[in-house]
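For the sequence shown, position 190 (counting from the first letter as 1) is numbered 229 according to the working numbering, and the numbering increases by one without interruption.
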Amino acid sequence: MSGAVIRRLTGAELLARPQDVRRVYAEAFAGPPWFEDASAADGFIRRLTDDVTRDGFTAAGAFRGDTLVGLATAWTTPAPFPADRSYAQVAAAFGAGRTARWLCGSLEVDELALATAARGQGAGAALLDSVAADAPGGRCRLLTSGRARDAIGFYRRAGWVQAVHPAGDGTGIVVLLGPRHPARTAVGSL
Numbered sequence: 040m041s042g043a044v045i046r047r048l049t050g051a052e053l054l055a056r057p058q059d060v061r062r063v064y065a066e067a068f069a070g071p072p073w074f075e076d077a078s079a080a081d082g083f084i085r086r087l088t089d090d091v092t093r094d095g096f097t098a099a100g101a102f103r104g105d106t107l108v109g110l111a112t113a114w115t116t117p118a119p120f121p122a123d124r125s126y127a128q129v130a131a132a133f134g135a136g137r138t139a140r141w142l143c144g145s146l147e148v149d150e151l152a153l154a155t156a157a158r159g160q161g162a163g164a165a166l167l168d169s170v171a172a173d174a175p176g177g178r179c180r181l182l183t184s185g186r187a188r189d190a191i192g193f194y195r196r197a198g199w200v201q202a203v204h205p206a207g208d209g210t211g212i213v214v215l216l217g218p219r220h221p222a223r224t225a226v227g228s229l
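The structure is reproduced here in C-alpha cells:
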C-alpha cells in the first residue's frame, strides 16, 4: 500500500484535523464526475460536525507518517428510513419491505475520499474494509452517483454488489451492498 497506514478514528480525532480533512476531500472530489469546488470541502467539514454524533459513527484514516491521505466515514442507518438527501429515491427503488429489512439498521458508508497520490495503492479498499468491519450482521451499504463509473468499478472489484441501477441515461443513485450483506444474493429480485 505504498506506506499508507490505516487507523480507525473517533469523530473527535477526525474533527481535530480540519485542514487535512478539507484537503483530502477537496482533492478527491475536484475532478470528474463530481467537479466540486473548495466550498464543497467546507460543507463537508460542517456536515462532519453533525455526522460524528450519529449512531454507530465510525471513521478510518489513511496516513503517510502524520499526513492524512485518505478517509472513510460510516454510520448506522436509522429506522424509519430517512427521507432527506437521496434516501427517498432509494426507498422507492427498494420498496418499503426491502428498505426496512436490508437498509434500516445497516451500516452506511457515507464518504470515501483519497488524495490523488494515494490512489491505486490499496488504501481505498483498506479504508472501506476498516469502516465496514463491524457492520451489524455484515449489513453494509453505500450510495454513489451513476456518473461515478470509476468508483462503481472500484466497489465491484472490492466485492460490493450493485443493487439499484441508475436511470437509463446513467444519472441517478446507485446502491451497492457490501461483501458480507446477507441480501447481496437477492438483488436480482429488485
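Heads up, the beta-carbon is just placed ideally off N, CA and C, and yes, glycines get one too.
query, result
"Rounded to whole angstroms, what's the CA-CA distance from Met40 to Tyr126? Just pull it up for me.", "In this predicted model, Met40 has a pLDDT of only 43, less than 50, meaning its place in the structure is not dependable enough to derive any value."
"In terms of residue numbering, what span does the alpha helix (DSSP H) encompassing Leu87 cover?", "77-90"
"Please list, in chain order, all residues of the same chain as Ala157 whose beta carbon is under 7 Å from its beta carbon, the five residues on each side excluded.", "Ala43, Ala101, Val108, Gly109"
"With a 10 Å radius around its C-beta and 16 neighbouring C-beta atoms as the bar for buried, classify Glu66 as buried or exposed.", "buried"
"Under a Cβ-count criterion, where at least 16 other Cβ atoms within 10 Å of its own Cβ denotes burial, should Ser145 be classed as buried or exposed?", "buried"
"Which residues mark the beginning and the end of the beta strand (DSSP E) in which Gly109 is found?", "106-115"
"Is it the case that the segment 80-95 contacts the segment 121-137, given that we only count it when at least three CB pairs across the two stretches are under 8 Å?", "no"
"Whole angstroms is fine: what's the gap from Ala165's alpha carbon to Gly134's?", "32 Å"
"So, is Gly192 buried or exposed, given that buried needs 16 or more other C-beta atoms within 10 angstroms?", "exposed"
"Any chance you could list the alpha helix (DSSP H) runs of at least 4 consecutive residues sitting entirely within the segment 121-172, in chain order?", "126-133, 162-171"
"According to DSSP, is Arg196 part of a helix, a strand, or is it coil?", "helix"
"Are there 16 or more other CB atoms within 10 angstroms of the CB of Arg46, so buried, or fewer, so exposed?", "exposed"
"Under the rule that 16 or more other beta-carbon atoms within 10 Å means buried, what is Ser169, buried or exposed?", "buried"
"Quick one: is Ala113 buried, meaning 16 or more other Cβ sit within 10 Å of its Cβ, or exposed?", "buried"
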